[in-house]
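Below is one structure, written out as structure tokens; the observations come after it.
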Amino acid sequence: MHFFPILATLRRHRTTALLIVLEIALTCAIVCNALFLIGDRLARMDRPSGLVEDELLRIRLTGIGTKADDKAVTVQDLAALRAIPGVKFVADTNMVPFGGSSWNSGISTIPDDPNGNSAGIYMGSQDLVETLGVQLIAGRDFTPEEYVEDARGTAPVPSIIITRAIADRLFPGKSAVGQKVYVTGKEPQTIVGVIEQIARPNDTRAGVDLAGFSVILPILLPYTMGGNYLLRVEPSRRTDALAAVDAVLNKVDPNRIILDRQTFEEVRKDHFKADRAMAYLLTGVSLALLIITAFGVVGLASFWVRQRTRQIGVRRALGATRGDILRYFQLENLILTTAGIIVGMALAYAINLWLMQKYQVPRLSAVFLPAGALLLWLLGQVAVFGPAMRASAIPPAIATRTV
Amino acid sequence: MFPYYLDLALRSFKRNVALTVLMVFAIAFGVGASMTTLTVLHVLSTDPIPGKSHQLYFVQLEPRKALGARPNSEPLEQMTYADSQALLRAGKADRQAMMTGGNAAIEPQRSDLKPFFLRGRWTTVDFFAMFRVPFVAGGAWTAEDDTRNSRVIVISRDVAEKVFGSVDVVGKTIRVEGNDMRITGVIDSWRPAPHFYDLNFDTYSEGDQLFAPFSTSRDLKLSHSGSMDCWEETPDSEVLGAPCVWLQFWVELDSKAKADSYRTFLTSYSEEQKRAGRFEREPNVRLRDVTEWLEFKEVVPRDVRLQTWVSLGFLLVCLINTVGLLLTKFLRRSVEIGVRRALGASKRSIFFQLLVESSMIGLAGGILGLILAWLGLWAVRHQPTQYAALAELDLPMLAMTFLLAVFTSLLAGLLPAWRGCQVTPAIQLKSL
Amino acid sequence: MLHMKDVSKVYRTEMVETHALRNLALEVNEGEFVAVTGPSGSGKTTFLNIAGLLEELTGGDYLLDGVDIKKLDDRARSRVRNEKIGFVFQSFNLIPDLNLFDNVDVPLRYRGFSRGDRRKRIEGALERVGLASRIRHFPAELSGGQQQRVAIARAIAGDPKLLLADEPTGNLDSQMAREVMQLLEDLNAQGTVVVIVTHDPEIAARAQRNVHIVDGVATDLERAPSLVRPTRAAAGPST
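Same order as they appear, the protein sequences are chains A, B and C. Under this note's numbering, the first residue of the first sequence is numbered 24, with each subsequent residue one higher. Under this note's numbering, the first residue of the second sequence is numbered 176, with each subsequent residue one higher. Under this note's numbering, the first residue of the third sequence is numbered 231, with each subsequent residue one higher.
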């Protein structure tokens, strides 16, 4: 329609036009990246743990002083906790997915491999696999004979359960069950089972691609070394079970301290609080940016309408309808917004590259660019509507006025 | 002329309240957000031990086997028990301390107080002088206590008041993990942020609440807390000769020259160990002072740094927004500017008049931005992050808020004021 | 006092060159009251802008009160405008949100006078134009003629040597126009040089001297005839 005349007019108001384009470009770049980061954080927070999360309770505890009988007490604890109404399975363990502190070891198919990858090692009592509710996709759980009583590593550990991630990496294309890996001690462990997934207590140190690297070892631990009890409870009875834990454990041995009693949902929530905070902040900033840019567009458009009042009056006198005037301003805004978006996209990619390098952020996926573009087009059109309507209301009589 | 420009600015604001309010808010939001994140960044990056941060050094050696050695690699980030002991005995620095974190249960021996769990530090006597730990009662144990496994302990004032109801408890005993320990001193609230001497914990969380001699902790088998890295299988990782690192070793050296000669000493120690067959790799030592150590460990959380950049980007957009709005505001007054020029105002006068107007907006934006920053920090303090309690506006940050706001608006006002003063007197006068 | 010789002004755009003034020569002495006339597009507005230091000339010489204007930078020119020239515009150009006192004050502020000094001058100027009683009122509360009188007060508050008026009665009815012209004549009688640009022959007739500008060249008219036909002017003495 009026494409070239619009460009000509904009050239005369070069500075203000450039400012709008710049503002839209920056907003587009920042919002695209923000939306992307929000998506990334939400995806992280949604990561599966591999457990039956709505049935699990986690108790953290410690003994006081050295205990000679801690193994026996552990057994008694587990029995007593099992007796709580609603409890299906109980286990003690050394660590918990998203739980924070982590035990790691290198895993490889050859002994003493300096290039072995780091894996999280879960160990505890005999019902651990049942309690966690992890999904077995090949092989079996440990048999009672395979368990070893010595966490200090002097007795050889015969078996191991690994995750699918490890199986795919170390034994691609074949069955991992029956293969041997070196994780602890001089002797290898034979893989007896493969589970779908069990998340590590913390991912940050090992890196994103080792996030699924976990193993379960049949090593029995007293609670003083493990520090965690896990209870698998019917979902509706979790609150009651949590309330009963203190009394039950005190009855077995009052001489210890219970540090934490949480549902697994609370464990997960705690672990991802930083990601949640970041997502909120980015959302807030994006909204604020869009609002400010909208107001900027309104301000500038109003100014232009005022500057060109006489022109508009003349156009109307010469036969333009109100709709023509409205569409003129909408088209002008569209041109500016598009220019801003094009620059903004390039800027968004540049920013993403910089973030990737400095803050190990993943690469911006292309879907966010049209999303950001659409958002800004909409914003521009909504913002310019008011001033454009005012422009269309300018009476043609203005053309003849001299003062 | 300044009061005149001020008066003119105020009149101009009254004439177009909506636009002025919009500009003030834009600057306020940009400044508020930036100051919130900048304050958090500032708080987390301050020197935790000003005055001594260039005299305290963290020691790193490379005790691993040859297998798996890579060229130009970093040595391990902690020390073995054996090496720490050896360096302590060598005593080549002005002061030295070996240490590790630990956990202990306190049994208050009171019917109304249940046993509770604390994080503590197992270290040697020099620790207190090196890190300038403030005492409210008593003092550290003696050098002899270090060698004699004495049952002595230093506690924090919070623990003293919780268990005994006062800080005057020097000489009393307190039951730790089933053992009676004699209190030699009570320290004041001490929370170096970040607690640089041991970065295995949440870097900005609560400080250590109790301290005991390292040798005593071994004797009593007190549990260790932190990170344990073993490069070989071993039945007991906490034994003297174990192939594991889990200790931190700090030295005090009050001059660059001393630091250089200590580095040389570490290298020759490594060579000695290699000849003895204990170390297998080439000597690879590090001696970083507090600042270098914190930088190397990238202590400020990645998210905090990211947030700072985001809010600065936000401020940039607010700035451009303000430039545009100021431009329209000034150009709208072309006629008035033309009249003033005709009546004898120089370009410079008009420029300054418009600049004063911009900085007034900046000042108002700064005041509002300060309130917003204060609110933002209040929100940060209520986040469940480890550094939440530290997020407070101090005087330098407060001043910076205003400076940032005024500077931003001055910067934003430069282009519009320049364009405004370019309005030629002649052309505007005929038409209204 | 005002001495222009060989003055030319050329406006250049990308495609067009407009010669608004060509070799214009004019001398105005102390005490004179000059009316400048001419058809639209003749260059009389440009002449006014140049005379009032609002625009720079492309060629020629212009001396105002002995000072060579060409040698002055923007700052100095603003000073000269401020101290030596008073302007009266066709559309008054009072600043709407300042009251009369503050409006007359504007040029004085850029002069650097003390507060008391300014006050005296403002009150004196408004007294001279007969509006001292409305000193705190705003322009919107006054009639057209009164606004123009305030503009004149503003122009004279600094005791300028030259008063330049651009169609000062253009927006006024005949009664008010007469009042304003009377005021200007009084000021001239008191020693101020007055130069008015006008297209109204009645107004021109009241001036002591008429200068006619056509196609960028100025010609003096010995007498101010009531009807000036372009041919007659062209037949007059050329420069």
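Ideal Cβ positions, reconstructed from N, Cα and C, are used throughout, including at glycine. Here the structure is a predicted model, which is why all the values come from computation and not from measurement.
First through last residue of the beta strand (DSSP E) which encompasses residue 348 of chain B: Bounds of the beta strand (DSSP E) holding residue 348 of chain B are 348 to 351.
Contact residues within the region 403 to 415 of chain A, judged by C-beta distance below 9 Å to chain B: none
query: If you check the beta carbons only, do residue 277 of chain C and residue 266 of chain C fall under 8 Å apart?
result: yes
query: Which residues, taken in chain order from the region 185 to 214 of chain A, show a beta carbon closer than 9 Å to some beta carbon of chain B?
result: Those residues of the region 185 to 214 of chain A that come within reach of chain B (Cβ to Cβ, closer than 9 Å) are 207, 208, 209.
message: Counting only Cβ-Cβ distances shorter than 9 Å, please list the residues of the region 512 to 527 of chain B near chain C, keeping chain order.
response: 513, 514, 515, 516, 517, 518, 519, 520, 521, 522, 523, 524
task: Provide the residue span of the beta strand (DSSP E) that contains residue 442 of chain C, from first to last.
output: 439 to 444
query: Which word fits residue 469 of chain C, buried or exposed, when buried means at least 16 other C-beta atoms lie within 10 angstroms of its C-beta?
result: Residue confidence for residue 469 of chain C is low, a pLDDT of 42 falling below 50, so the modelled location carries little weight; the figure read from the coordinates is stated next. By the neighbour-count definition (other C-beta atoms within 10 Å, threshold 16), residue 469 of chain C is an exposed residue.
Residue 93 of chain A versus residue 74 of chain A: straight-line alpha-carbon distance, rounded: 28 Å
message: Considering only their Cβ atoms, is the gap separating residue 281 of chain C from residue 322 of chain C smaller than 8 Å?
response: no
- prompt: Roughly how many whole angstroms lie between the Cα atoms of residue 360 of chain B and residue 284 of chain B?
  reply: For residue 360 of chain B and residue 284 of chain B, the distance between alpha carbons rounds to 20 Å.
query: What is the DSSP secondary structure of residue 355 of chain B, reduced to helix, strand or coil?
result: strand
task: Verify the CB distance criterion: does residue 343 of chain C have a CB-CB separation below 8 Å to chain B?
output: no
task: Please name the residues in the region 126 to 152 of chain A whose beta-carbon is closer than 7 Å to at least one beta-carbon of chain B, in chain order.
output: 135, 137
- prompt: Going along the chain, which residues of the region 186 to 203 of chain B sit with their C-beta nearer than 7 Å to a C-beta in chain C?
  reply: 186, 190
message: Tell me the rounded alpha-carbon separation between residue 243 of chain C and residue 279 of chain C.
response: Rounded to the nearest angstrom, the two C-alpha atoms are 19 Å apart.
message: If distances are taken between C-alpha atoms only, which option among A/222, A/386, A/89 comes closest to residue 373 of chain A?
response: A/386
message: Just to confirm the assignment: which complete beta strand (DSSP E) runs, minimum length 3, are found wholly within the region 68 to 140 of chain A?
response: 79 to 86, 110 to 116, 127 to 130
- request: Could you list the residues in the region 79 to 98 of chain A with a C-beta less than 9 Å from some C-beta on chain B, going in chain order?
  value: 85, 86, 87, 88, 89
query: Can at least three beta-carbon pairs, one atom from the region 280 to 296 of chain B and one from the region 244 to 251 of chain B, be found at a separation below 8 Å?
result: no
- prompt: From which residue to which residue does the alpha helix (DSSP H) around residue 294 of chain A run?
  reply: Per DSSP, residue 294 of chain A is one residue of the alpha helix (DSSP H) stretching across 287 to 294.
message: How far does the alpha helix (DSSP H) with residue 273 of chain B in it extend, from its first residue to its last?
response: Residue 273 of chain B -> not in any alpha helix (DSSP H); beta strand (DSSP E) instead, spanning 270 to 282.
message: Just verifying my parser: in three-state terms, what is the DSSP assignment at residue 278 of chain A?
response: coil
query: Assuming residue 232 of chain B contacts residue 425 of chain B under a Cβ cut-off of 8 Å, what Cβ separation, rounded to an integer in Å, is found between them?
result: 7 Å
- request: Return the chain-ordered list of same chain residues with a C-beta closer than 8 Å to the C-beta of residue 103 of chain A, the five sequence neighbours on each side being excluded.
  value: 271, 272, 274, 275
query: For residue 22 of chain A, does the three-state DSSP call read helix, strand or coil?
result: Here chain A comprises residues numbered 24 to 426, so residue 22 of chain A is not present and cannot be evaluated.
- request: Starting from residue 284 of chain A, follow its DSSP beta bridges and name the residues at the other end.
  value: A/82
- request: Would you list, in sequence order, the uninterrupted alpha helix (DSSP H) runs of no fewer than 4 residues that lie entirely inside the region 233 to 314 of chain C?
  value: 274 to 281, 304 to 314
Cβ of residue 277 of chain C within 8 Å of any chain B Cβ: no
field: Per-residue burial, residue 309 of chain B [other beta carbons within 10 Å of its own, 16 or more giving buried]
entry: exposed
message: Please state the DSSP three-state secondary structure of residue 596 of chain B.
response: helix
- request: Please check the pair residue 282 of chain A and residue 85 of chain A, which I expect to be a contact at CB under 8 Å, by giving their CB distance rounded to whole angstroms.
  value: 6 Å
task: Could you say which of B/350, B/564, B/576, B/281 lies nearest to residue 280 of chain A if we only look at CA atoms?
output: B/281
task: Can you give me the start and stop residues for the alpha helix (DSSP H) that residue 212 of chain B sits inside?
output: 192 to 220
query: Residue ranges of each beta strand (DSSP E) run of no fewer than 3 residues wholly in the region 316 to 402 of chain C, ordered along the chain?
result: List check, beta strand (DSSP E) in window: 392 to 396.
- prompt: On the three-state DSSP scale, how would you describe residue 398 of chain B?
  reply: Strand, per DSSP.
Same chain only: Cβ atoms within 6 Å of residue 588 of chain B, ignoring 5 sequence neighbours per side: Excluding positions up to five away in sequence, the list reads 501, 530, 533.
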